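Novice:
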DNA sequence: ACTGTAGGCCAACGGGTGTTGACACCCCAT
DNA sequence: ATGGGGTGTCAACACCCGTTGGCCTACAGT
C-alpha cells in the first residue's frame, strides 16, 4: 500500500514486512499505542517479535512506518465553492471506513506525543490548503481548518472510537446531511462581527 | 469534591483518600489509562502504592472512583429556545477548563472500555434530556444529542488533547461564536427532506 | 558445489507493572 | 494502661513489556 518507493528492489522479506505493517495498523487502531504490544503484532503477522525490531528498529519506528501513508485528498478545485463541505465530509467518511490508519492515528494521538504530532501534520497538510483556497480571508485559514478538524475528528471519535450507539447507527448519507453544512460554514462563512460579547448570560 | 455522602462519618484517612483521587484525576487526564501507573499516582499523593489498593481495590476501582462526579448542567429551561446552543457550548467550555475530570474521561475512553462506557453515560445523562425538551421531535433526540456530542468532544479533542495550535489559540468567545450555531442547528433545525440522496457527486 | 548473506527462531535480560501479605505505628475507647 | 482497629511502610511476587544476541536455515552469486 505505502511502498511506491521507485528505486527499492523487491526483497525476499517484503511479504513479512507488509504483514507486520498490516498487523501493526490493526493493533494500533484497536488497542492504542501502549496496549498494542510488539509481541501481539508479531503473533498476528505470524513471525517472531525480534523480526519487528530488525526491520523497524523499535516500537516508535514501527509506529512511524505504520502511519506513513498518503491519503489522497480529492481535487476540490473541481467542485463548486458551496459543495466543498459535502465533498470533504464524504471524503473523510470514506477514508475512515476503508482504512484503519486514521483510527490508529486518532487512538494513538490521544496518548502518544508522536501520534498527536503526526495527526496534526496530516490535518495541516490536508485541510490547510483547502481552507486557504476556499475561505474568504486566507489569513483565517488556520482557525477555520481547526474548526473543520474539530467536527471531523469529533464525529470519528464518537462513531468509530467511543461508539456512541446513535452515531454508529446513522447512515453515511445522514452524516453528510448533518455535517456538510457545518463544515461549509466553518470554511466559507464571512466572519462578521467580532464575536458579539455575550448579552449577559454567564 | 465528590463526597456529599450524607451518612459517612469523617474518617481519619479522608485527606489521603482525596489526595489519591486528585492525583489519579491528574494522571489519568494527562497520561491516559495505561501510562497512569498506580505507583506514579501514589508518589504524587505522597503515600505508598499499597494504600491505593486498600482504599480502591484495584486500578479499575480507582478509575471508577476518580471519574464519579456530578457535572451539574445549567438549567436550560430558563434560557430562550434559540440560546440553547450558546449556553451549552459555554457550559462545556467552562467545565472542561476548570476540571480535569472530563479530560481524563476523554483520554481514557479512547483506550479503555470502561472509560468509553462512562463517557457515553455522562453524555447520555447530560445531553439527552436537553435534546428531548428542545428538539422538534423527541424521537430524534438520540441522534441530535450524538451530533452535539461529536462537535463538543471534537473541539475538546483538538484543543485540550491533541493541542492543534489554532484551536488552542482561539479565545473562548471565538469558540462560542463558531460552535454555538452548530450545536443550535443540530438540536433545533427541522429535519426536512429525508436526507436528499446525493445528486450525483460520488 | 561452495560460500556468504539475509531471513527467521529461540532464549534470555533488565526493567516496570498491578497486586499481595507481613510488619510497624498511632490514635481512640475502654 | 491496654488492647484493637485504622493508617501506613516495606519487600516481594508473578507477570508482561521492549529489546538483544546467538544460532540455525535456505536461498543467491560465483
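Residue numbers (the UniProt record's numbering), protein chains in the order written: chain A, 1 to 202; chain B, 1 to 202. All residues carry an ideal CB built from backbone N, CA and C; glycine is no exception. Computed from a predicted structure; not experimentally measured.
1. Establish whether the CB of residue 35 of chain A and some CB of chain B are separated by less than 9 Å.
2. State yes or no: is the C-beta of residue 162 of chain B nearer than 8 Å to some heavy atom of the ligand ADP?
3. When you compare only the Cα positions, how much space is there between residue 73 of chain B and residue 126 of chain B?
4. Whose Cβ in chain B lies nearer than 8 Å to the Cβ of residue 32 of chain A?
5. Could you tell me which of A/17, A/159, A/19 and A/152 sits nearest to residue 91 of chain A, measuring between CA atoms?
6. Counting only runs of 4+ residues fully inside the stretch 111 to 182 of chain B, write out the alpha helix (DSSP H) ranges in chain order.
7. Can you pull out the residues from the stretch 144 to 165 of chain A whose beta carbon lies closer than 9 Å to at least one beta carbon of chain B?
8. Output needed for residue 134 of chain A: all residues of its chain with C-beta closer than 8 Å, excluding positions within five of it in sequence on either side, in chain order.
9. Would you verify that the beta carbon of residue 126 of chain A is, or is not, closer than 9 Å to some beta carbon of chain B?
10. Excluding sequence positions up to five away, which residues of its chain have a Cβ less than 6 Å from the Cβ of residue 24 of chain A?
11. Quick one: is residue 178 of chain A near chain B, going by C-beta distance under 9 Å?
12. Got a sec? Which residues, its chain only, sit under 6 Å from residue 109 of chain A by beta carbon, not counting five neighbours each side?
13. What residues from chain A crowd round residue 184 of chain B, counting only those whose CB sits closer than 8 Å?
14. Can you give me the Cβ contacts of residue 161 of chain B inside the same chain, cut-off strictly under 8 Å, excluding the 5 residues immediately before and after it?
15. The alpha helix (DSSP H) that contains residue 97 of chain A, what's its start and end?
16. Quick one: what does DSSP say residue 11 of chain A is sitting in, helix, strand or coil?
17. So is residue 154 of chain B buried or exposed if we call it buried at 16+ other beta carbons inside 10 Å?
18. Near residue 29 of chain A, what residues of its chain come up, given a Cβ to Cβ distance below 7 Å and the 5 sequence neighbours on each side ignored?
19. At what residues does the alpha helix (DSSP H) containing residue 39 of chain B begin and finish?
20. Report the rounded CA-to-CA distance for residue 17 of chain A versus residue 190 of chain A, giving the unit in angstroms.
21. If you reduce the DSSP assignment to three classes, tell me which class residue 63 of chain A lands in.
22. Pull up the distance between the alpha-carbon of residue 12 of chain B and that of residue 69 of chain B, whole angstroms please.
23. Going by C-alpha to C-alpha distance, which of A/144, A/148, A/32 and A/22 sits closest to residue 47 of chain A?
24. So is residue 119 of chain B in contact with chain A if we call contact Cβ pairs under 9 Å?
25. Give the range of the alpha helix (DSSP H) segment to which residue 50 of chain B is assigned.
26. If we define contact as Cβ-Cβ less than 9 Å, is residue 116 of chain A a contact residue for chain B?
27. Any contact between the stretch 166 to 185 of chain B and the stretch 135 to 146 of chain A? By contact I mean 3 or more CB pairs, one from each, below 8 Å.
28. Quick one: is residue 27 of chain B buried, meaning 16 or more other Cβ sit within 10 Å of its Cβ, or exposed?
29. Can the beta-carbon of residue 93 of chain A be found closer than 9 Å to that of residue 183 of chain A?
30. Out of curiosity, what's the CA-to-CA distance linking residue 20 of chain A and residue 123 of chain A?
31. So, under 8 Å CB-CB, residue 111 of chain A and residue 111 of chain B are touching, yes? Tell me the CB distance rounded to an integer number of Å.
32. So residue 141 of chain B packs on residue 128 of chain B, CB below 8 Å; how close in whole Å?
33. Please identify, using Cβ separations under 7 Å, the residues of the stretch 95 to 109 of chain B that lie next to chain A, in order along the chain.
34. Between the C-alpha atoms of residue 43 of chain A and residue 58 of chain A, what's the straight-line distance to the nearest angstrom?
Specialist: Judging by the given coordinates:
1. For residue 35 of chain A, the answer is yes, since a Cβ of chain B falls inside 9 Å of its Cβ.
2. Of ligands this structure carries none, so the ligand ADP is not represented either.
3. Straight-line measurement puts the Cα of residue 126 of chain B at about 7 Å from the Cα of residue 73 of chain B.
4. Identification of chain B residues near residue 32 of chain A by a Cβ-Cβ cut-off of 8 Å yields 32, 34, 110 and 111, ordered along the chain.
5. Comparing Cα-Cα distances from residue 91 of chain A to each of A/17, A/159, A/19 and A/152, the minimum goes to A/152.
6. 113 to 134, 141 to 156 and 165 to 169, all fully within the stretch 111 to 182 of chain B.
7. Flagged, chain order: 144, 145, 146, 147, 149, 150, 151, 152, 153, 154, 155, 156, 157, 158, 159, 161, 162, 163, 164 and 165.
8. Within the same chain, residue 134 of chain A has close Cβ partners 76, 81, 84, 187 and 188.
9. By this cut-off, residue 126 of chain A is not an interface position.
10. Counting only Cβ-Cβ distances below 6 Å, and skipping sequence neighbours, we find 41, 62 and 66.
11. Answer yes: the Cβ-Cβ gap between residue 178 of chain A and chain B drops below 9 Å somewhere.
12. Close CB contacts of residue 109 of chain A within its chain, under the 6 Å cut and outside five residues either way in sequence, are with 115, 116 and 119 (chain order).
13. Result: empty, since nearest Cβ-Cβ is about 11 Å, beyond 8 Å.
14. Exclusion of the five residues before and after residue 161 of chain B leaves 103, 106 and 107 as the residues of its chain whose Cβ lies within less than 8 Å of its Cβ.
15. Where residue 97 of chain A is concerned, the enclosing alpha helix (DSSP H) stretches over 84 to 98.
16. Correct three-state label for residue 11 of chain A: coil.
17. Residue 154 of chain B is buried by the Cβ-count criterion.
18. Hits under 7 Å: 100, 103, 104 and 107.
19. In the DSSP assignment, residue 39 of chain B falls within the unbroken alpha helix (DSSP H) covering 38 to 45.
20. Straight-line measurement puts the Cα of residue 190 of chain A at about 49 Å from the Cα of residue 17 of chain A.
21. Reduced to three states, the DSSP call for residue 63 of chain A is helix.
22. Approximately 22 Å, taken between the alpha carbons.
23. Of the candidates A/144, A/148, A/32 and A/22, the one whose C-alpha sits nearest the C-alpha of residue 47 of chain A is A/22.
24. So yes, residue 119 of chain B belongs to the interface.
25. Residues 49 to 56.
26. True, the Cβ-Cβ gap to chain B drops below 9 Å.
27. Touching, yes, given that three or more Cβ pairs across the two stretches are closer than 8 Å.
28. With at least 16 other beta carbons inside 10 angstroms of its own, residue 27 of chain B counts as buried.
29. Cβ distance not < 9 Å, so residue 93 of chain A and residue 183 of chain A don't count as in contact.
30. For the pair residue 20 of chain A and residue 123 of chain A, the Cα-to-Cα distance works out to about 26 Å.
31. Contact between residue 111 of chain A and residue 111 of chain B holds: CB atoms are separated by about 6 Å, below the 8 Å threshold.
32. Rounded to whole angstroms, the Cβ separation of residue 141 of chain B and residue 128 of chain B is 6 Å, and the two are in contact under 8 Å.
33. Per Cβ criterion, the list reads 107 and 109.
34. Their backbone Cα atoms lie some 16 Å apart in a straight line.
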